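Notes for the one structure printed next.
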Amino acid sequence: MTRRAFRGEILSVAHDPRDHPHAVRHEADGLLVVEDGIVVARGAYAELAGAHADVPTERLDGILVPGFIDAHVHYPQMDRIASHGAQLLDWLDRHIFPAEKAFADRAHADAVAAAFLGELLRNGTTSALVFATVHEHSVDALFEAALARRMRIVSGKVLMDLGPEGLADTPDSARAESEALIRRWRGRGRLGYAVTPRFALTSSDTQLHAAGALLTEHPEVLLHTHLAENVHECAAVAARFPEARDYLDAYDRFGLVGARSVFAHGVHLPDRACARLAESGAGIAVCPSSNLFLGSGFFDFGQADAHGLRLGLGSDVGAGTSFSMLRTAGHAYEAALSREAALDPFRALYLATAGSAALLHIDDRVGALEPGQEADFVQLDPAATPLLARRTAGATLAERLFALQILGDDRAIRRTYILGECAWERGTRA
Ligand code: GUN
Ligand code: ZN
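Start counting the sequence shown at 0; every next residue gets the next number (numbering that gives the first Met the number 0).
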């Protein structure tokens, strides 16, 4: 048994502050006590110090927050971030599909998976829901690398039997490979599986049906896909599924809409689809930097909140322009404001931590630094740059947090802890 403690300013938001007025938990001088990677006590230092006087205690300046949780990101696309000049469908053809073809080589997948997880840790992201590629071994590569780093990662083989040549599976191979991966990785480390049809345009009806069957057979897995991201994509989906009431309905008909479904984007949704999402308990991974980069539009927080949708935050790299969930939270603020909604910085922190954890159904384990949860956390540096230092000097907690979201990125991550162990420290190599 190893017990250690961390003393510093601690902040977390376990519930959506829109519905829970007392969701923000903050200790200006707090103590976090960790035993074998699990938080066993948290509170004001003055109250807890006596009972833990014998525990080795590390003093951490800055602000300690739960590790960030990226609810939608593509590891095979990290080297195509910042690819110029096209909206979604052309961008996929021009930049993304060629990059994903290279994952037929397992050694390439291993190398990118290692770099990707290093980039997550550098940005304070300790858990993520991750797109792999169509290749079965692309998931093995990511899961092996995550296992070695003890990270909580959820992923799955991409289903895309209507994909381009060299990147298409079949309904049968998709089902068999997904089954094999689910069985191979079940219960190992901190890993989880998501059945991952790419989007409605790259799977046949037969394959979408097979995806639904996988969900029925494996009630513990998630469903992870894209939904209503881009106007041209939406028009193509309407043409392909003339009988569907809207884009969500095209998935619903195959049993893909439920409480364990995570849909990336949802920028262009009719109210009917929002009502159905709310009724089913499915969630949306909001990906604002990606929506801006690909000219997809701005997520409508007002509409989502009117329907009480469950939301998390995703970087969506490589369409997203930053791995940083701080930057992503800043972009979410800008997206919200462009549609006349104001995203409070504590709510943005919630979306990037416990909100995303709830979408991934891992909120019992991570996201809020509550006793009983795993001790994944980040030491934020509100003075990481000269400008941040000036803006945050003498500022309130809300102002410091907002400044970190607008001005911060990986430079503001002083350290990242996995299960109470330092897994990344600024100024060192991954
Ligand atoms: N829709 C289908 N595939 C993708 C992808 O790789 N990235 C994004 N942003 N949207 C998609
Ligand atoms: Zn995506």
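Where a beta carbon is used, it is the ideal one built from N, C-alpha and C, also for glycine.
Note that the structure is a prediction, hence the values are computed from the model and not measured.
- Straight-line spacing of the CA atoms in VAL220 and VAL111 works out to 25 angstroms.
- Out of ARG6, CYS286, GLU339, the CA that lies nearest to the CA of TYR44 is found in ARG6.
- Every residue whose beta carbon comes nearer than 6 angstroms to a heavy atom of ligand 1 appears here in chain order: HIS73, LEU87, LEU91, ILE95, ARG197, PHE198, HIS225, GLU228, SER289, ASP315, ALA318.
- Here the distance from the Cβ of HIS231 to the nearest heavy atom of ligand 2 is not below 8 angstroms.
- With respect to PRO196, LEU180 sits apart: the two C-beta atoms are not nearer than 9 angstroms.
- Beta-bridge pairing by DSSP links VAL153 to LEU128, GLY191.
- It is roughly 25 angstroms from the alpha-carbon of ALA394 to the alpha-carbon of ARG41.
- In terms of Cα proximity to GLY311, the closest of ALA318, GLY296, THR327, ILE37 is THR327.
- Inter-residue distance for ARG174 and GLY155 is about 12 angstroms (C-alpha atoms, whole angstroms).
- Placement of the Cβ of ALA263 at a distance of less than 8 angstroms from at least one heavy atom of ligand 2 is found.
- Distance from the CA of PHE376 to the CA of LEU63, rounded to the nearest whole angstrom, comes to 7 angstroms.
- The straight-line gap separating the alpha-carbon atoms of ARG252 and GLU242 is approximately 10 angstroms.
- LEU222 is bridged by DSSP to VAL194, SER260.
- Sequence-distant Cβ neighbours of HIS136 in its own chain, meaning closer than 7 angstroms and more than five residues away, are ARG105, ALA108.
- The distance from the Cβ of VAL38 to that of ALA351 is about 19 angstroms, inconsistent with a contact at the 8 angstroms cut-off.
- Looking at the backbone, the Cα of GLY307 and that of GLU8 are separated by about 32 angstroms.
- Of all alpha-carbon atoms in HIS94, VAL72, TYR74, GLY162, the one lying nearest the alpha-carbon of ALA81 is that of HIS94.
- Rounded to the nearest whole angstrom, the C-alpha separation of ALA341 and VAL316 is 25 angstroms.
- Counting along the chain, the unbroken beta strand (DSSP E) around THR56 starts and ends at 56–65.
- Taking every protein chain shown into account, the CB of ALA392 has fewer than 16 other CB atoms within 10 angstroms, so this residue is exposed.
- In the structure shown, SER177 adopts helical secondary structure according to DSSP, grouped into three states.
- Around the beta-carbon of GLU118, 16 or more other beta-carbon atoms lie within 10 Å, marking it buried.
- In the DSSP assignment, GLU369 falls outside any alpha helix (DSSP H), carrying neither H nor E.
- THR427 is classed as exposed because its beta carbon has fewer than 16 other beta carbons within 10 Å across all chains shown.
- Within the chosen limit of 8 angstroms, ligand 2 does not reach the beta carbon of HIS267 with any heavy atom.
- One alpha carbon belongs to PHE401, the other to ARG121, and they sit about 20 angstroms apart.
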